[in-house]
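Worksheet: the structure to be examined is printed underneath.
Numbering (our numbering), first residue to last: 762 to 1129.
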């Protein structure tokens, strides 16, 4: 296993900056995810760690070793590609054994190691089958086995579940986590799927336009987003452009840019709710839909507003309720049984608890 340090790395393709001044430290044995939309720089970063790309500037280290210009075959990394990159004319055994034979491992050890890893990915009975005869999930396991059999220090996974259906993706998430824990291997996982990132990762780095905007645990990324991009990319969020009216030691009073006279909010003044960076530019009030409460009558507390239900959408366990409050449209997630009687046009009271609100900087200048 190995820790990884990415120090002030930049990668340019001509005039296009794919990754810009990236600094990351990935711990030994950690399951670390690069998350972001297409073209954000996450796969480019993964390929620089693998050695397929060399940085334009900066340094990549494995532990204390400078790996910046070391070719891929000398990095002892295992990689699973989005399309698996299996050899269709070979059997499962031959595909998994390929990397060992390239390394000139003896036949007896090859057989032992291949059968051991096939047992761990639960494919031992398919050793002699052509990979073209396997299902998508089985092919994905073969690709994992081929990466693991060489006993790499680092496992790199580039959107490995994107070609699978939803149910199989769920199964393979558990399978990948089981194998990662069994091998105790430093793992970097690239995805654009927020659910994968939140459910699998020890920590997450959120990318956009070649920049890493935030690194943190799934809980930190979800509950304490660094800016409006992170907040809106990770799950559902209500974002309202606001300005600060009053700031004291315990509370902050803000008003919505849209209709400020009627839409004033009280926020707890804590590092969670008002970071230093949020004071330096345009602000957005952010609150998750599940944090908003719908009341049957007015309560004598801050941030309780009268509203009207505009839409009710059924998603099984969750009901999405859209409520218009003084010209602002809020999305509220309620449990099924809680919202059974809500209908479009109903008058309700909406509470936005002050300890559930976070004030964050707006990168786009538009939080709507």
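We put the CB at the ideal spot given by N, CA and C, even for glycine.
Let's see if you can read the secondary structure: which residues bound the beta strand (DSSP E) around residue i?
{"i": "residue 782", "result": "777-787"}
{"i": "residue 768", "result": "765-774"}
{"i": "residue 969", "result": "964-969"}
{"i": "residue 883", "result": "Note, residue 883: premise wrong, no beta strand (DSSP E); not H, not E."}
{"i": "residue 1021", "result": "Here residue 1021 belongs to no beta strand (DSSP E), and DSSP marks it neither H nor E."}
{"i": "residue 1012", "result": "1012-1017"}
{"i": "residue 1002", "result": "999-1008"}
{"i": "residue 1044", "result": "1044-1048"}
{"i": "residue 1055", "result": "1054-1056"}
For residue i, which option in the options has the closest C-alpha, if you only look at C-alpha atoms?
{"i": "residue 1119", "options": "1055, 1060, 1028, 1066", "result": "1028"}
{"i": "residue 1117", "options": "805, 1031, 796, 937", "result": "1031"}
{"i": "residue 829", "options": "1077, 767, 847, 973", "result": "767"}
{"i": "residue 902", "options": "926, 920, 968, 937", "result": "937"}
{"i": "residue 934", "options": "914, 1019, 955", "result": "955"}
{"i": "residue 850", "options": "821, 1057, 1005, 894", "result": "894"}
{"i": "residue 848", "options": "892, 774, 819, 984", "result": "892"}
{"i": "residue 1044", "options": "1073, 885, 1016, 942", "result": "1016"}
{"i": "residue 1035", "options": "1054, 1007, 1058", "result": "1007"}
{"i": "residue 1018", "options": "970, 1087, 988, 1073", "result": "1087"}
{"i": "residue 773", "options": "819, 794, 976, 1060", "result": "819"}
{"i": "residue 979", "options": "795, 779, 784, 776", "result": "795"}
{"i": "residue 1078", "options": "1095, 771, 1072", "result": "1095"}
{"i": "residue 1062", "options": "1113, 1075, 838", "result": "1113"}
If I'm right that residue i touches residue j with Cβ under 8 Å, what's the distance once you round it to whole angstroms?
{"i": "residue 857", "j": "residue 890", "result": "The pair is not a contact, with the Cβ atoms about 12 Å apart (cut-off 8 Å)."}
{"i": "residue 824", "j": "residue 764", "result": "6 Å"}
{"i": "residue 991", "j": "residue 918", "result": "So it is not a contact: roughly 22 Å between Cβ atoms."}
{"i": "residue 951", "j": "residue 920", "result": "6 Å"}
{"i": "residue 1065", "j": "residue 1056", "result": "7 Å"}
{"i": "residue 995", "j": "residue 1002", "result": "Contact doesn't hold; Cβ gap of about 19 Å is too wide."}
{"i": "residue 982", "j": "residue 972", "result": "Incorrect: roughly 15 Å between the Cβ atoms, too far for contact."}
{"i": "residue 843", "j": "residue 896", "result": "Not really, about 17 Å apart at Cβ, beyond 8 Å."}
{"i": "residue 949", "j": "residue 787", "result": "7 Å"}
Can you name the start and end residues of the alpha helix (DSSP H) that residue i belongs to?
{"i": "residue 993", "result": "989-994"}
{"i": "residue 958", "result": "955-961"}
{"i": "residue 984", "result": "979-984"}
Measure from the C-beta of residue i to each C-beta in chain B and report whether the shortest distance is under 7 Å.
{"i": "residue 1006", "result": "Judged by its chain identifiers, the structure shown contains no chain B, having just a single protein chain."}
Continuous beta strand (DSSP E) assignments of at least 3 residues falling wholly in the region 887-948 | 915-919
Okay, do the region 898-915 and the region 857-873 touch, 3+ Cβ pairs below 8 Å being the bar?
-> yes
Output the residue ranges of the beta strand (DSSP E) runs that lie fully inside the region 791-874 and measure 3 residues or longer, sorted by chain position.
-> 792-796, 818-823, 838-841
So, do the region 1076-1094 and the region 1048-1056 have three or more beta carbon pairs nearer to each other than 8 Å?
-> These segments touch.
Jot down the residue ranges of each uninterrupted beta strand (DSSP E) in the region 1072-1122, minimum 3 residues, whole runs only, in chain order.
-> Within the region 1072-1122, the complete beta strand (DSSP E) runs of at least 3 residues are 1079-1086, 1089-1096, 1108-1112, 1119-1122.
If you pair each beta-carbon of the region 795-813 with each one of the region 877-884, do three or more pairs fall below 8 Å?
-> No: the two stretches stay apart, fewer than three of their Cβ pairs being nearer than 8 Å.
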